[in-house]
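Note that full-length UniProt numbering numbers the sequence shown so that position 47 is 47, with each residue one more than the last.
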Amino acid sequence: MTKGLVHIRIDDRLIHGQVAVYWCNAVNATRIMVANDAMYDNDVQKAALRLVVPAGLKSSLLNVETATKNLVSGKYEGQRVILVVRRPSDVLRMMDGGVEIKELNVGNLPAREGTVNVKKSINVTAQEIDEFKELDRRGVKLTGKQVPDNADDDLMELINKL
Numbered sequence: 001m002t003k004g005l006v007h008i009r010i011d012d013r014l015i016h017g018q019v020a021v022y023w024c025n026a027v028n029a030t031r032i033m034v035a036n037d038a039m040y041d042n043d044v045q046k047a048a049l050r051l052v053v054p055a056g057l058k059s060s061l062l063n064v065e066t067a068t069k070n071l072v073s074g075k076y077e078g079q080r081v082i083l084v085v086r087r088p089s090d091v092l093r094m095m096d097g098g099v100e101i102k103e104l105n106v107g108n109l110p111a112r113e114g115t116v117n118v119k120k121s122i123n124v125t126a127q128e129i130d131e132f133k134e135l136d137r138r139g140v141k142l143t144g145k146q147v148p149d150n151a152d153d154d155l156m157e158l159i160n161k162l
């Protein structure tokens, strides 16, 4: 895994209670990084996300390109960064830019038009299924898990049952 990264999560909600409290504590994070272009272009959403970052944690709210450059350059070496993205396409773009990812947790992908339910709180489109298959092909271990105390569900096993 790229230096500094301790956990990577796909969560449509980005920063919220599960991430801010449970996951940051479980991985002893010192920084929360959100990498998503739509979030980055929305000043209201960025302001709201900054409000829910726990005291004492650093935060980075970036577009995918800048997050990728910062991680690849080693900017966060020595820190414990939890990376949150909104979609598997964000992860693929980061990997294409040189970010090394070995494991990825999917916590929340909401029901939307054209999605199928994989498990509680994880709903995927046909495109996202293809993106998860590509991540799997690249050797990324994919788990579906809402909070650290939950069992690790093999996301590809669940997707392949669809």
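Glycine residues also receive a C-beta, built at the ideal position from the N, C-alpha and C atoms.
- If you ignore the 5 residues before and after Val53, its C-beta comes within less than 8 Å of the C-beta of Ile15, Ala20, Ile32 and Ser59, all in its own chain and listed in chain order.
- In the structure shown, the three-state DSSP call for Thr68 is helix.
- When Ala26, Met39 and Leu142 are compared, the shortest CA-CA separation from Pro88 is found for Leu142.
- When DSSP assignments are scanned along the region 7-95, the uninterrupted stretches of beta strand (DSSP E) that are 3 or more residues long and fall wholly within it turn out to be 31-35, 58-62 and 81-85.
- In the assembly as shown, Ala35 is a buried residue. Its beta-carbon has 16 or more other beta-carbons within 10 Å.
- With contacts defined as CB atoms closer than 8 Å, Ile10 and Val116 fail to qualify as a contacting pair.
- As DSSP reads the structure, Thr143 sits in a beta bridge with Asn105 and Asp154.
- Secondary structure at Lys120: coil, using DSSP grouped into helix, strand and coil.
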